[in-house]
Structure formats: C-alpha cells, structure tokens
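Trainee:
Protein chains in written order, with the numbering used here: chain A, 1 to 280; chain B, 281 to 507.
(1) Expressed to the nearest angstrom, what Euclidean distance is found between the alpha-carbon atoms of residue 164 of chain A and residue 205 of chain A?
(2) Can you pull the chain A residues whose beta carbon is under 8 Å from the beta carbon of residue 385 of chain B, in chain order?
(3) What separation, rounded to the nearest whole angstrom, lies between the Cα atoms of residue 301 of chain B and residue 361 of chain B?
(4) For the alpha helix (DSSP H) holding residue 173 of chain A, just list the boundary residues, first then last.
(5) Is the separation between the beta-carbon of residue 77 of chain A and that of residue 113 of chain A shorter than 8 Å?
(6) Using a C-beta cutoff of 8 Å, does residue 20 of chain A count as contacting chain B?
(7) Ends of the beta strand (DSSP E) at residue 416 of chain B?
(8) Tell me, please, whether the CB atom of residue 400 of chain B is closer than 8 Å to any CB atom in chain A?
(9) If you run the structure through DSSP and keep just helix, strand and coil, what is residue 301 of chain B?
(10) Cα separation between residue 49 of chain A and residue 345 of chain B?
(11) Which chain B residues sit within Cβ distance under 8 Å of residue 144 of chain A?
(12) Near residue 279 of chain A, what residues of its chain come up, given a Cβ to Cβ distance below 6 Å and the 5 sequence neighbours on each side ignored?
(13) Are there three or more Cβ pairs, one per stretch, closer than 8 Å when the segment 348-355 of chain B is compared with the segment 385-397 of chain B?
(14) Counting only beta-carbon separations shorter than 8 Å, does residue 241 of chain A have a partner in chain B?
(15) If you run the structure through DSSP and keep just helix, strand and coil, what is residue 67 of chain A?
(16) Looking at the C-beta of residue 392 of chain B, does it have a partner C-beta in chain A at a distance below 8 Å?
(17) Since residue 389 of chain B meets chain A, which of its residues come closer than 8 Å, beta carbon to beta carbon?
(18) Mind checking residue 342 of chain B: buried by the 16 CB within 10 Å criterion, or exposed?
(19) Quick check: what's the CA-CA separation for residue 207 of chain A versus residue 277 of chain A?
(20) Taking the Cβ atom as the reference point for each residue, do residue 306 of chain B and residue 377 of chain B lie within a distance shorter than 8 Å?
(21) Is the segment 17-37 of chain A touching the segment 92-108 of chain A, taking contact as three or more C-beta pairs under 8 Å?
(22) Closer than 7 Å, Cβ to any Cβ of chain A: which residues of the segment 346-366 of chain B, in chain order?
(23) Who are the neighbours of residue 104 of chain A on chain B, taking C-beta pairs under 8 Å?
(24) Is the Cβ of residue 172 of chain A closer than 8 Å to any Cβ of chain B?
(25) So which residues of chain B does residue 137 of chain A contact, with C-beta pairs closer than 9 Å?
(26) For residue 273 of chain A, which of helix, strand or coil comes out of DSSP?
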C-alpha cells in the first residue's frame, strides 16, 4: 500500500523506463533518487532531488550554495525531529539509507536542516525533544516519562546547571528509551540527543562547566553588549529594543542594560554594522 | 519422562537439529542460560513464570490482554550477534532464542523506568517497594503531584471493557497529560460499581477514584441497597 506522494511520483517513470533503469541510479543498497527538503542556514532553500549516495557536502555546498556568510556548515539534521545531527567532519558521508542509519541518523521524512555556528546543539536537541514529547501517545512508560526526563536534563544544561556525569546519565537514559519503547517514535526519539552528545560533547561541557553557550543561543548563559569601536550611534537598536534597555545619543556609543535585557537578539538583527553587537 | 527431564535433555539435541518428533509442538530455548520448553504461542513471560523465573511486571494481569505498556518486564532476546530488547509479556518464544532477564541493557531500561515512576507516582507504596528491590531509592526527576499513585497502565480501563463489558472508564488526553477519566468527565451510570478496576489496579490508585467514576448506583440496585 503506497500513500506517499514522493513514492507515487516515481511510479510513472519506472513504468515508462523500466525498473533496471531506475535501479541503475543511486548506490547499490539504496537505488533511485531521493527528494530532500533543504532548509536552515543555507543559501538555496527548497526541495532538491538527488541520486542516492551523493555526499552531504555536495547537497549543502553545491546544490544549497553553502552557508550564508560562513565558510562551511556546522552540522546537518537529517530525517526530521527524530533524526540525528551529522557534523561537518562527516561531510563526505554518502547520503543513503544504510549510511545515515549507521551515523545515528535516518532518512526519515527527508528533511535536511543545515545549522551554522550560531545554532546551539543543546538547544536543537531540546527543541526536537519538546516536539517529540508532544507527539508521544503516552502508552509506554519509557517514551511518556523518558522524553520528559531527557528534556529535564537538557533544560538543566541550557541553564548551565548539571555535572559531567549528567551527560553520561542522559546518554544512558536515551539508550533506555531507545531500547525500552514500544514503537518507533520512542525508539528513534533519542537520536537528536545521542548524536549531539556524540559529536558535540564539548559544547555540552561548555554549558555545564563554563556556563557558556558557544553559539550564543541559550538565554540563561549569554549576554549582549555593544562594541565601543564599531558602534556608529545610529539608534536603530535602541528604537527596536522591546525592553527599551539600550541607551545612547545619536552618533554616540550605545549601551545595553543587561539586567533589563531579555536576550531576544533583535538589536543584533537590526544593527547595520557587522559585529557591533556582541553576544557572549 | 517428566517435563523437567525433557527440558534438560533438549539443548543437546537441539544442536544436532531435526531430530525430536516426540516433542512436536514444543519450543526449545533458554532463559538466562537455563534450557526451557514452551508450547507454541507462549510468551516469554508465561514460560518464565512456568519455571519460576522472576520477571517484574506492573501492567500485566493474567485475566487481561497484555498491553506491554509499563515495559518493566523487558528482557533481552539474543541469537548469535543479533540482540534486541523486547517485552516478555508480548514476545512469543521461538526455537533457539536466548533470553536474558538481567542483562545490562535490560537493567538499564528497568532502572530508568523505576526512577521516573518514583517521580510520576510518588505516593505509591507498591512502586517504592519495587524500585527498592531493583536498587532505586531516590529520583532526580521533578515530582509534579506528590499525591499521585496512578501510573496510567490502563488495567482498569481494560478490565472494564474486556471483562465487565461496560466501558465506564477510559483514557483522556495523551502523552504526558494522559490520564484516567470517565466519558464526558462525569460519573456515569454505565458503571455497575463492581470494583474490578480497584482489584486489578497495581498501585491501589483506583481505590480513591472509584467514586469519581460511578453514578447513581441505586438506579440499578434498588434504593438504599448499594450504600
């Protein structure tokens, strides 16, 4: 029984040109083509169809046109919320069913979210887990309680709390959820957690030990300030700030009152001078 | 030949393969290395209980269809390099499978489920005891309701439907907010007040909830009879 539009779209071509022709495209284990939804920090977003087995770098760099303003991507989340995060170091990974599964991710829904250095992996894992927690039916305990429990760990990390042992404990909980869950939702939900810990453990350590979010995302761990050298005093940030916590006169240096700042990042978005608003 | 002798002889024969006609309908496998015999269609849990091998359960009740919800009865099924964690209350046995009831993977699932249950239904003495049995005495997870006893295993809902046949109880909502409720959230006259739900409840949570379920009992039993 087929109900997937993408699968249906392949049928007429296979009928017209034959199964052998179709099987000739792609890699030996995963034949044919695959449509990906290429989104995130990439110049050309949209749906792309590629033969199975092309490299991840080819999709992001050549088809997607690379990451805006940066040399290369930081990671790519494939397969939707319960897929895994593949770091830049694995950019030459062949994109097919087996290789993605081996890398701890999956083909899944064919989603590809490109992340750059302004994306925090702890936050990404938290975001996907929150989505999956909502999706859980609640029948089996490892999924119903486990996703909530993993989220508690991640929330703690994103606030700079926890210990190094907690990272291992989270990994162990993720494994328990994966092993113990009844269906594939719980069985694959720990993927974002496990792959981010595997490839970006340093970033988790930064949150917990140094109380820093290197990507500048986790609000409890960051502060915004204005670079005195670069600020041209245009007042754009001061006018846009929803908290009205940026002070400074025209053509003079502006300052952010970090006690009142809610770390929304609007000042950074509107600032016309590259690098004048610093997040750390 | 007694059943016990049969089962002890079996594994040696199993290696030679294709011999035992006399054991037609029996399945040979091992639990924790101990050779066991099961009938076609038995689950791992059924076989283990037959041999007195302890596997903890919360949502299993012999009179009801196994649902595999609590996942405490997980065991590891192995054959050669292949291995998978499965629920023993639902997993049908097959020739040659090696079942481990206390492997590291199994213990890991059980430990976490119990620790999370301690936070989910902190008022349940049964769960506290069970957790202690497996070495879990404290929980790191947030306790939302210190009074909660119900683990939402659904035995009450099942018994009401499968055995009593009145469907006076159901689940409401899903995921983390899933809970036991009555249709339209009001006590209902479908409830015959039989107390089966209280009897099957593994934590006794249903005892305090029965009055929220049943409607006017006197309508079916005659005025003044029920209370």
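Using N, Cα and C, we set each Cβ at its ideal position, and we do this for glycine too.
Source: prediction; values computed, not measured.
Mentor: Reading it off the structure:
(1) 7 Å
(2) 175 and 179
(3) Confidence in residue 301 of chain B is poor, its pLDDT being 42 and thus under 50, which makes the residue's placement too unreliable to answer from.
(4) 164-180
(5) yes
(6) no
(7) Element bounds for residue 416 of chain B: n/a, residue is neither H nor E.
(8) yes
(9) Residue placement at residue 301 of chain B is flagged as unreliable, the pLDDT there being 42, under the threshold of 50; the coordinate-derived value follows with that caveat. Of the three classes helix, strand and coil, the one that applies to residue 301 of chain B here is coil, per DSSP.
(10) Each residue's Cα considered, the two are about 46 Å apart.
(11) 432, 455, 456 and 458
(12) 216, 222 and 224
(13) A contact exists between the segment 348-355 of chain B and the segment 385-397 of chain B.
(14) no
(15) Coil, per DSSP.
(16) yes
(17) Neighbours of residue 389 of chain B on chain A, chain order: 142, 176, 179 and 180.
(18) Exposed, since its Cβ has fewer than 16 Cβ neighbours within 10 Å.
(19) 22 Å
(20) no
(21) Yes, they touch.
(22) 348, 349, 350, 351, 354 and 365
(23) Those within 8 Å of residue 104 of chain A in chain B number zero; the least Cβ separation is about 17 Å.
(24) Look at residue 172 of chain A: its C-beta is under 8 Å from a C-beta on chain B.
(25) 454, 455 and 458
(26) coil
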